[in-house]
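Everything in the sequence shown is counted per the working numbering, starting at 181 for the first residue and increasing by one. Every residue, glycine too, gets a C-beta built ideally from N, C-alpha and C.
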Amino acid sequence: MMKVVVYVRLKDSVLDPQGKAVSGGLRNLGFAEVTDVKVGKMIELYMDDATATENLKERVGDMCQKLLVNTVIEEFRFEVVG
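1. If you compare alpha carbons, which of 252, 214, 182, 247 is closest to residue 200?
2. Thinking C-alpha only, which one of 234, 243, 212, 250 is nearest residue 220?
3. When burial is assigned at 16 or more other CB atoms within 10 Å of the CB, is residue 194 buried or exposed?
4. In terms of residues, what are the limits of the beta strand (DSSP E) holding residue 158?
5. Which of helix, strand or coil does DSSP assign to residue 188?
6. Given this structure, state the Cα-to-Cα distance separating residue 205 from residue 190, to the nearest angstrom.
7. Can you name the start and end residues of the beta strand (DSSP E) that residue 254 belongs to?
Quick look at the structure:
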């Protein structure tokens, strides 16, 4: 079994209200050193080794573009873990 981890976050040009709320909460709790927060998501894909092909990176990129990521407002990166 092969594991691919996809990291998704809002583009820098997009307002992140959840990040702002977390940032404000941390400041209220006394963590003044935090200047900004970006909240994202992590997606783990478990792939069958037998069907994972030499174009795995292209296939995962297609998955992200077509379903996992809203490319208008989000950016992504991924890594093959196993």
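Taking the definition as stated:
1. 214
2. 250
3. exposed
4. Residue 158 cannot be examined here, being either before or after the span of the chain that is shown, 181 to 262.
5. strand
6. Just so you know, the alpha carbons of residue 205 and residue 190 end up roughly 20 Å apart.
7. 254 to 260
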